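Enquirer: Its first residue numbered 1230, the sequence shown is counted upward by one per residue in the numbering used here.
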Amino acid sequence: MLKVYIIFYTRYGNTLKLAEIIAEGVRSVKGCEAVLRRTAELAPEEIIKKDERWKKARESLKTIPEAKASDLFDADAVIFGTPTRYGNMSSSLKDFIDKTAGVWVKGGLVGKVGAAFTSSTTIHGGQETTLLTMFIPMLHHGMIIAGIPYSEEKLFTTAAGGSPYGASSVTGEMADRPPTEEAEALAKALGKRVAELAMKLKLGEEAIKKQD
Ligand SMILES: Cc1cc2nc3c(=O)[nH]c(=O)nc-3n(C[C@H](O)[C@H](O)[C@H](O)COP(=O)(O)O)c2cc1C
1230 MLKVYIIFYT RYGNTLKLAE IIAEGVRSVK GCEAVLRRTA ELAPEEIIKK
1280 DERWKKARES LKTIPEAKAS DLFDADAVIF GTPTRYGNMS SSLKDFIDKT
1330 AGVWVKGGLV GKVGAAFTSS TTIHGGQETT LLTMFIPMLH HGMIIAGIPY
1380 SEEKLFTTAA GGSPYGASSV TGEMADRPPT EEAEALAKAL GKRVAELAMK
1430 LKLGEEAIKK QD
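1. Taking DSSP's pairing of strands, which residues face ILE1251 in a bridge?
2. According to DSSP, simplified to helix, strand and coil, what is SER1299?
3. As a quick exercise: from PRO1393, MET1372 and LEU1368, pick the residue whose alpha carbon is nearest that of TYR1379.
4. CB-CB under 6 Å to ILE1326, same chain, minus the five flanking residues each way: which ones, in chain order?
5. Report yes if the C-beta distance between MET1318 and THR1347 is below 9 Å; otherwise report no.
6. Going straight from the alpha carbon of GLY1420 to that of TRP1333, what length do you get?
7. In angstroms with no decimal places, state the Cα-to-Cα distance between VAL1264 and LYS1278.
8. Nearest-angstrom Cα distance between GLU1402 and THR1350?
9. Taking VAL1334 as part of the alpha helix (DSSP H), name the residues at either end of that continuous run.
10. Select from SER1289, ARG1314 and LYS1431 the residue whose C-alpha is nearest the C-alpha of THR1362.
11. Tell me the DSSP bridge mates of GLU1262?
12. May I ask you to verify whether the stretch 1305 to 1312 touches the stretch 1403 to 1423, counting CB pairs closer than 8 Å and requiring at least 3?
13. Just verifying my parser: in three-state terms, what is the DSSP assignment at GLY1433?
14. Can you tell me where the beta strand (DSSP E) with SER1349 in it begins and where it stops?
15. Helix or strand or just coil, what does DSSP make of ARG1406?
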């Protein structure tokens, strides 16, 4: 089985929701497995305790193990997810990435497919800048970046979520709006695409080895 890791941070669960939809897309490809991992919570416990929604969302993360840098060696492809924070990735995901120097030194992600997803309150609040800036460390790691191509017709009609740069959802002022039908379809398409590309690379590598 090829393993597509989905590594994300979430506070209120919106990015988790997208991760689960993307995982469905990954699993729709025969021979591919989706592995969900969350990045560490950096917020102090006393702050979380005062926020019922945050506490509840944390409960739903209990069954998902925390991501380790060594997971990246095990992954055949990685899809990173984060809430949009001032038009950029969250400190938790960045903290995880900043701890991957050991993987970088060994070229652990070189030639693996990478993609990104995000969730934000507003449509024009920086989803695209978040997704694009997430690609930078992926490129440093030698990953092959995958987005969503316009052959996915819903990219022409979506009003809130999903772009050529990756999957996304717009959660509204209270951060409680689920992904629209179109955003969901595009998130699933991203998972499927990354899994298919990883499979093609694997089969291609095997074919090259046979020729040698
Ligand atoms: C510190 C901080 C910065 C944020 N910055 C943005 C932003 O730049 N644009 C935006 O639309 N939403 C922003 N948000 C809102 C979150 O991106 C949004 O609520 C998201 O859906 C939360 O996802 P989650 O439920 O996975 O944590 C910000 C939230 C926080 C706490």
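We put the CB at the ideal spot given by N, CA and C, even for glycine. Predicted model, so just to flag it, every value in this text is computed and none were measured.
Expert: Reading off the structure:
1. Bridge partners of ILE1251: none, in fact.
2. coil
3. PRO1393
4. PRO1366
5. yes
6. 24 Å
7. 28 Å
8. 6 Å
9. 1330 to 1334
10. ARG1314
11. LYS1232
12. yes
13. helix
14. 1342 to 1349
15. coil
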